[in-house]
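**Q** When we follow our numbering, the leftmost residue of the sequence shown carries the number 18, and every step to the right adds one.
We treat Cβ as the ideally placed atom computed from N, Cα and C, and that holds for glycine.
I'd like to ask you about the structure that follows.
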Amino acid sequence: MQGAEVKALFSVTGMTCSACAASVEKAVKHLPGIKDAVVDALNHRAQVVFSPAFVNEETIRETIEDAGFEARLISEETINDRSTQVCRIRIQGLSCISCSMTLEYYLSSVHGVTKALVSLSNEKIEVHFDPRISTVDQILEAVRDVGFEGTLITYGGATRSVQLQLEGVLENENSTKIIENSLRSLPGVREVKFEPDRKKMSVTYEPDLKGPRDFIKTIESNGLKAAIFSEKRGSETHREDEIKQYYRSFIWSLVFTIPVFLSSMVFMYIPSINRGMEIKVVNMVTVGAILRWILCTPVQFIIGRRFYTGAHKALRRGSANMDVLIALGTNAAYFYSVYSVLRAAFSPRFESTDFFETSAMLVSFILLGKYLEVLAKGKTCEAIEKLMDLSPERATLLTLDMEGNVSNEEEIDSRLIQKNDAVKVVPGTKSHVNESMVTGESRPVGKRKGDLVIGGTMNTNGVLHVKATRVGSESALSQIVRLVESAQMAKAPVQKFADRISKFFVPLVVFLSISTWFAWFCAGKLKGYPKSWIPPPMDGFELALQFGISVMVIACPCALGLATPTAVMVSTGVGASQGVLIKGGHALETTHKVNCIVFDKTGTLTIGRPVVVTTKLLKDNMSHQEFTSLVAAAEVNSEHPLGKAVVEYAKKCMENDDEAGPTWPEARDFESITGHGVKAVIRNREVLVGNKSLMLDHNVVIRTCAEEIMTEIEGLAQTGILVSIDREIYGILGVSDPLKPGAREAVSILRSMKIKCIIVTGDNKGTAKAIAKEVGIDSFVAEAKPEHKAQKVKELQANGNIVAMVGDGINDSPALVAADIGVAIGAGTDIAIEAADIVLMKSNLEDVITAIDLSRKTFFRIRLNYIWALGYNVIGIPLAAGAIFPATRFRLPPWVAGGAMAASSVSVVCSSLLLKNYKRPKVLDSLQVRGKIIG
Numbered sequence: 018m019q020g021a022e023v024k025a026l027f028s029v030t031g032m033t034c035s036a037c038a039a040s041v042e043k044a045v046k047h048l049p050g051i052k053d054a055v056v057d058a059l060n061h062r063a064q065v066v067f068s069p070a071f072v073n074e075e076t077i078r079e080t081i082e083d084a085g086f087e088a089r090l091i092s093e094e095t096i097n098d099r100s101t102q103v104c105r106i107r108i109q110g111l112s113c114i115s116c117s118m119t120l121e122y123y124l125s126s127v128h129g130v131t132k133a134l135v136s137l138s139n140e141k142i143e144v145h146f147d148p149r150i151s152t153v154d155q156i157l158e159a160v161r162d163v164g165f166e167g168t169l170i171t172y173g174g175a176t177r178s179v180q181l182q183l184e185g186v187l188e189n190e191n192s193t194k195i196i197e198n199s200l201r202s203l204p205g206v207r208e209v210k211f212e213p214d215r216k217k218m219s220v221t222y223e224p225d226l227k228g229p230r231d232f233i234k235t236i237e238s239n240g241l242k243a244a245i246f247s248e249k250r251g252s253e254t255h256r257e258d259e260i261k262q263y264y265r266s267f268i269w270s271l272v273f274t275i276p277v278f279l280s281s282m283v284f285m286y287i288p289s290i291n292r293g294m295e296i297k298v299v300n301m302v303t304v305g306a307i308l309r310w311i312l313c314t315p316v317q318f319i320i321g322r323r324f325y326t327g328a329h330k331a332l333r334r335g336s337a338n339m340d341v342l343i344a345l346g347t348n349a350a351y352f353y354s355v356y357s358v359l360r361a362a363f364s365p366r367f368e369s370t371d372f373f374e375t376s377a378m379l380v381s382f383i384l385l386g387k388y389l390e391v392l393a394k395g396k397t398c399e400a401i402e403k404l405m406d407l408s409p410e411r412a413t414l415l416t417l418d419m420e421g422n423v424s425n426e427e428e429i430d431s432r433l434i435q436k437n438d439a440v441k442v443v444p445g446t447k448s449h450v451n452e453s454m455v456t457g458e459s460r461p462v463g464k465r466k467g468d469l470v471i472g473g474t475m476n477t478n479g480v481l482h483v484k485a486t487r488v489g490s491e492s493a494l495s496q497i498v499r500l501v502e503s504a505q506m507a508k509a510p511v512q513k514f515a516d517r518i519s520k521f522f523v524p525l526v527v528f529l530s531i532s533t534w535f536a537w538f539c540a541g542k543l544k545g546y547p548k549s550w551i552p553p554p555m556d557g558f559e560l561a562l563q564f565g566i567s568v569m570v571i572a573c574p575c576a577l578g579l580a581t582p583t584a585v586m587v588s589t590g591v592g593a594s595q596g597v598l599i600k601g602g603h604a605l606e607t608t609h610k611v612n613c614i615v616f617d618k619t620g621t622l623t624i625g626r627p628v629v630v631t632t633k634l635l636k637d638n639m640s641h642q643e644f645t646s647l648v649a650a651a652e653v654n655s656e657h658p659l660g661k662a663v664v665e666y667a668k669k670c671m672e673n674d675d676e677a678g679p680t681w682p683e684a685r686d687f688e689s690i691t692g693h694g695v696k697a698v699i700r701n702r703e704v705l706v707g708n709k710s711l712m713l714d715h716n717v718v719i720r721t722c723a724e725e726i727m728t729e730i731e732g733l734a735q736t737g738i739l740v741s742i743d744r745e746i747y748g749i750l751g752v753s754d755p756l757k758p759g760a761r762e763a764v765s766i767l768r769s770m771k772i773k774c775i776i777v778t779g780d781n782k783g784t785a786k787a788i789a790k791e792v793g794i795d796s797f798v799a800e801a802k803p804e805h806k807a808q809k810v811k812e813l814q815a816n817g818n819i820v821a822m823v824g825d826g827i828n829d830s831p832a833l834v835a836a837d838i839g840v841a842i843g844a845g846t847d848i849a850i851e852a853a854d855i856v857l858m859k860s861n862l863e864d865v866i867t868a869i870d871l872s873r874k875t876f877f878r879i880r881l882n883y884i885w886a887l888g889y890n891v892i893g894i895p896l897a898a899g900a901i902f903p904a905t906r907f908r909l910p911p912w913v914a915g916g917a918m919a920a921s922s923v924s925v926v927c928s929s930l931l932l933k934n935y936k937r938p939k940v941l942d943s944l945q946v947r948g949k950i951i952g
């Protein structure tokens, strides 16, 4: 058909940037019959809408390939069926923000990678990718191509991955092949990899079929011992190794640098030593110069080798980082000194002036700064480590016979628990369970057969036999840890400021450094300043060179790069420890701007467990028992909290009248009408249970007496439920859902923080008004369906408000997504975690205040970090360039400038670490006490 249009999707390999996408788009649009073409470089996709009368898919594919890329036609089903997986990789060699941005850019361009988040502060990267297109090996290879070493930490998806540490002597390569083949033969094992240098084996498997215990038994049957490689221990080992490495490098650097410093700065003032240092060896070359050259060389090229390596990797990929500045600065000082010594050796009149102490002391001070920086950065991860420590180290595994009786008990490493294992939990180990770690409920919760328990919580009394339904990365604790880790990696929008600056920072500093040297050199040649300004025994060139080197090494983009992520990392960790899970920098940044909060009523402002407190019968020809029986029969199939409250009330009434227990008549044609109520046919009578809207929609007349009762009930902050039988009102139920302890005080505190509060509820107007009055909120919206709640949020946003929606994360999920910040009360459902930006684990309203207060204090700290980092460079660079030298004769020697550069990064990290001392507002402590007394 001439007018028909067809949409085709192509996978395009080779696109690395927006310019590539633009060239593909341009080439395709030149074809006849092309209606539209959209090319996405990030996801390597091209969507083309065309008329098949003029062009076909094959011609479009060939056109894309003619533009220099590979193309493959893919179906809509392939796109929709794509499952994204996530892997986390530890990166070695990240030294500054420029490195992290380069790595992030290159990994994002890998075919199949949808998102890559690099964390400079904890040297990890989180990669989201399509397993149909990319593999973990390809991602690790891409990391190596950029110039870094990567180690896989976790890998999620339908399968699980476990790392095993082998113990014992490997006889030969054949023995490892036997072990690998034995593991691959196990059902559910997808992949086995062996790292012989680290004696570590990685196994990817399906947890429903096999688990780590099976793998260890298989390895041990082949004559070796194995244990699970601890991720926490691996992380600690990596950090400890890095700290030790910097410490050793700094100490060795000091061993060589101190004599160089004494030779050039101290010995000249001790005549007896100075005479020996000034002895001429060859022409004008002195013993001191030779000694400084010998001592400085290992510092420059052996101890300082890391800076050459980092600079080479950066320059190879066309970028520049701090290592480039350090290498340029130290090399300028070193090689000029070498030139000066060699010239003095061949000239009987030239007296050499060397800067070997500048090179050696620069390396030493920078290594000291790096050592202090990794020490400080390690402390930013303590929140994650505390969460991981909640998991018990040992567990008692039960072996059950065919009848379900315990036949054997065995103590094992808790990480060896597999799906469907039976585990014994004795009192005092990680009946009644203290779940305050997750739920915030301080009182132990009674557990019966079939109840769910959470790993990492404490059994306070009695012995529990627990079936493991979620293990490893599927457990609640692991999901919380993963959520916090992802939050710490996610960038805050304010970090884009630092990212933009870092792109131009190093080239700009190099330009300023060369300009500084050239300006002072020209001023000296043109006699722009008196010779008395030149410190002996320098000349004008050497003075200019020192100013240039000082500018190069004092500038520090690292402080800018660390300003935001370290603060976000510490604050999200602190929030998690207080039961407030903030999902990343974006949520953290937006929360401090919130000026309007929309509250759901049921389960948010109220306890969420409604109870029937009033029953009014309007017909004399029906007994109370028959009435409650009919209502319960209609509501028994309803999942709504009000329906459940009615059923519970009916059960109590029936139990009082009938010792045999409650029985309901059969309900036919049951229908749940969202936002209104339920409808059913019971004993051949049509029963309607719900609000006024339900009655009016079914032409049920609400008489004056019923209206008066409803008004009275709603005035008491109760929800009125009308009951109609055969289109006549037979009775009214009053349901009350009491306010949470401290709800009124929490709203009062929010209003004192200049935050507007609104209630949006599906309940009736009278109840909503009464609750709003009781809690101290002036504005409310009643009888709102889920879509109406989202619409109200959008209206508030249109009026210029930054809106936070607080709800239970199920019925409120559309509004949670629509709001600038979605806050889920309680973390019991996946919907809450998925839809919300902030999850309040304790289900307490005061934690909304904690989240906002923590966000405000975090961004105050981030602003301070930026002020310091920018102010340091704005003041430090002119100072190093000699801006005040003409007036004060004060200059900043290069080694002092290098020390200042190292100190700037340390100071920013330490500034962020002050957030660890965060205490929530004191007014909340008294609020919590009142809440406990009331409860």
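Contact defined as beta carbons within less than 8 Å: I believe Val302 pairs with Ala361. What is the distance between those atoms, to the nearest angstrom?
**A** As a position in the sequence shown, residue 302 is number 285, starting the count at 1. As a position in the sequence shown, residue 361 is number 344, starting the count at 1. Right, their Cβ atoms sit about 5 Å apart.
**Q** For Leu111, which three-state DSSP category applies?
**A** Residue 111 sits at position 94 when you count from the first residue of the sequence shown. Coil at Leu111, not helix or strand.
**Q** Skipping 5 residues on each side, what residues in its chain have a beta carbon closer than 6 Å to that of Lys696?
**A** Taking the sequence shown and counting its residues from 1, the one referred to as residue 696 is at position 679. Glu688, Leu705, listed in sequence order.
**Q** My output table needs one value for Gly625: the three-state DSSP class, helix, strand or coil.
**A** Within the sequence shown, residue 625 is the residue found at index 608, counting from 1. Three-state result, Gly625: coil.
**Q** Ends of the beta strand (DSSP E) at Arg702?
**A** Working through the sequence shown from its first residue, we reach residue 702 at position 685. Start and end: 702-707.
**Q** What do you get for Met954, buried or exposed, if any count of 16 or more other CB atoms within 10 angstroms of its CB means buried?
**A** With the chain covering 18 to 952 only, the question about residue 954 has no answer from this structure.
**Q** Out of curiosity, what's the CA-to-CA distance linking Lys939 and His609?
**A** Taking the first residue of the sequence shown as 1, we reach residue 939 at position 922. Taking the first residue of the sequence shown as 1, we reach residue 609 at position 592. Answer to the nearest angstrom: the Cα atoms are 19 Å apart.
**Q** Taking contact to mean 3 or more Cβ pairs, one atom from each stretch, closer than 8 Å, check whether the stretch 352-360 and the stretch 879-892 are in contact.
**A** Contact between the stretch 352-360 and the stretch 879-892 is absent, because fewer than three Cβ pairs lie under 8 Å.
**Q** Just to check my reading of the structure: Pro204 and Leu226 have Cβ atoms closer than 8 Å, yes? What is that Cβ distance to the nearest angstrom?
**A** The count along the sequence shown starts at 1 and reaches residue 204 at position 187. The count along the sequence shown starts at 1 and reaches residue 226 at position 209. The Cβ separation is near 5 Å, so the contact holds.
**Q** What are the start and end residues of the beta strand (DSSP E) that includes Lys773?
**A** Here the question's residue 773 lines up with position 756 in the sequence shown. Residues 773-777.
**Q** Count the C-beta pairs between the stretch 155-162 and the stretch 123-134 that are closer than 8 Å, then say yes if the count reaches three, no if not.
**A** The stretch 155-162, when compared against the stretch 123-134, does touch it at the 8 Å Cβ threshold.
**Q** Which of the three DSSP states is assigned to Gln595 in this structure?
**A** If you number the sequence shown from 1, residue 595 lands on position 578. Coil at Gln595, not helix or strand.
**Q** In whole angstroms, what separates the C-alpha of Val29 from that of Gln64?
**A** Along the sequence shown, one-based indexing puts residue 29 at 12. Along the sequence shown, one-based indexing puts residue 64 at 47. In a straight line, the C-alpha of Val29 is about 10 Å away from that of Gln64.
**Q** The beta strand (DSSP E) spanning Thr30 covers which residue range?
**A** As a working note, residue 30 is residue 13 in the sequence shown. Segment 23-30, the beta strand (DSSP E) holding Thr30.
**Q** Near Ala897, which residues of its chain fall below 6 Å by C-beta distance, leaving aside the five closest residues on each side in sequence?
**A** In the sequence shown, counting from the first residue as 1, residue 897 sits at position 880. These residues qualify, in order along the chain: Ser567, Val568, Ile571, Leu909, Ala914.
**Q** Using C-beta distances below 7 Å, list every residue in its chain close to Leu659, excluding the 5 sequence neighbours before and after it, in chain order.
**A** Sequence index remark: in the sequence shown, residue 659 carries index 642 (1-based). Only Pro627, Thr736, Ile738, Val752 meet the Cβ criterion.
**Q** If I'm right that Lys809 touches Ala801 with Cβ under 8 Å, what's the distance once you round it to whole angstroms?
**A** Stepping through the sequence shown from its first residue, residue 809 is reached at position 792. Stepping through the sequence shown from its first residue, residue 801 is reached at position 784. That pair is a contact at about 7 Å.
**Q** How would you label Met1008, buried or exposed, when you count the other beta carbons within 10 angstroms and need 16 or more for buried?
**A** Only positions 18 to 952 of the chain appear in this structure, which leaves residue 1008 out of reach.
**Q** On a CA-only basis, which of Gly321, Asn300, Phe318, Glu259 is nearest Leu389? Give me that one, please.
**A** Position 372 of the sequence shown, counted from the first residue, corresponds to residue 389. Of the listed residues, the one whose Cα sits closest to Leu389 is Glu259.
**Q** If we count the other Cβ atoms within 10 Å of its Cβ and call it buried at 16 or more, is Ile287 buried or exposed?
**A** Taking the sequence shown and counting its residues from 1, one reaches residue 287 at position 270. Burial call: exposed.
**Q** Can you give me the Cβ contacts of Pro903 inside the same chain, cut-off strictly under 8 Å, excluding the 5 residues immediately before and after it?
**A** Along the sequence shown, read from residue 1 onward, the residue named residue 903 stands at position 886. Excluding positions up to five away in sequence, the list reads Tyr546, Trp550.
**Q** Anyone know if the C-beta pair for Val179 and Ala337 falls short of 8 Å?
**A** Within the sequence shown, the letter at position 162 stands for residue 179. Within the sequence shown, the letter at position 320 stands for residue 337. Contact: no.
**Q** As a quick exercise: from Arg62, Glu75, Lys24, Phe71, pick the residue whose alpha carbon is nearest that of Asp53.
**A** By one-based count along the sequence shown, residue 53 stands at place 36. Of the listed residues, the one whose Cα sits closest to Asp53 is Lys24.
**Q** Determine the DSSP secondary structure at Val611, reduced to helix, strand or coil.
**A** Counting from one through the sequence shown, the residue named residue 611 turns up at place 594. It is coil, neither helix nor strand.
**Q** Restricting to Cα atoms, I'd like to know which of Ile766, Val698, Ala787, Thr778 is closest to Glu731.
**A** Within the sequence shown, numbered from 1, the residue matching residue 731 stands at position 714. For Glu731, the nearest C-alpha among the options comes from Ala787.
**Q** Please say whether Val777 and Val615 have beta carbons closer to each other than 8 Å?
**A** Your numbering for residue 615 matches position 598 in the sequence shown. Your numbering for residue 777 matches position 760 in the sequence shown. Closer than 8 Å, so yes.
**Q** Alpha carbon to alpha carbon, what distance is there between Ile772 and Leu711?
**A** Against the sequence shown, residue 711 aligns to sequence position 694. Against the sequence shown, residue 772 aligns to sequence position 755. Leu711 and Ile772: Cα-Cα distance of roughly 36 Å.
**Q** Where does Arg105 sit, in a helix, a strand or coil, going by DSSP?
**A** Position 88 of the sequence shown, counted from the start, is the residue given in the question as residue 105. Three-state DSSP puts Arg105 in a strand.
**Q** Have a look at the DSSP bridge pairing and note the partners of Ser212.
**A** Along the sequence shown, read from residue 1 onward, the residue named residue 212 stands at position 195. The question names Ser, yet the displayed sequence has Glu at residue 212. Its beta-bridge partners are Lys217.
**Q** According to the neighbour-count rule (16 or more other Cβ atoms, all chains shown, within 10 Å of its Cβ), is Asn934 buried or exposed?
**A** Numbered from 1 along the sequence shown, position 917 holds the residue referred to as residue 934. Asn934 is exposed by the Cβ-count criterion.
**Q** Can you say whether Asn425 is buried or exposed, counting buried as having 16 or more other CB atoms within 10 angstroms of its CB?
**A** Counted from its first residue, the sequence shown places residue 425 at position 408. The residue in question, Asn425, is exposed, as its Cβ has fewer than 16 Cβ neighbours within 10 Å.
**Q** Can you list, in chain order, the residues of its chain with a C-beta nearer than 6 Å to that of Tyr883? Leave out the 5 residues immediately preceding and following it.
**A** Taking the first residue of the sequence shown as position 1, residue 883 is located at position 866. Within the same chain, Tyr883 has close Cβ partners Ala580.
**Q** Would you tell me roughly how many angstroms separate the C-alpha atoms of Glu791 and Thr631, rounded to the nearest one?
**A** Sequence index remark: in the sequence shown, residue 791 carries index 774 (1-based). Sequence index remark: in the sequence shown, residue 631 carries index 614 (1-based). Whole-angstrom Cα-Cα distance: 19 Å.
**Q** Tell me which residue opens and which closes the alpha helix (DSSP H) that Met4 is part of.
**A** Because the chain is modelled from 18 through 952, residue 4 falls outside the range shown and cannot be assessed.
**Q** Please name the residue, chosen from Ala84, Asp83, Ile77, that lies closest to Leu90 on a Cα-to-Cα basis.
**A** For the purposes of this step, residue 90 is taken as residue 73 along the sequence shown, with counting starting at 1. Among Ala84, Asp83, Ile77, the Cα nearest to that of Leu90 belongs to Ile77.
**Q** When the Cα atoms are used, what is the spatial distance from Met118 to Glu257?
**A** Numbered from its first residue, the sequence shown carries residue 118 at position 101. Numbered from its first residue, the sequence shown carries residue 257 at position 240. Roughly 25 Å between the two C-alpha positions.
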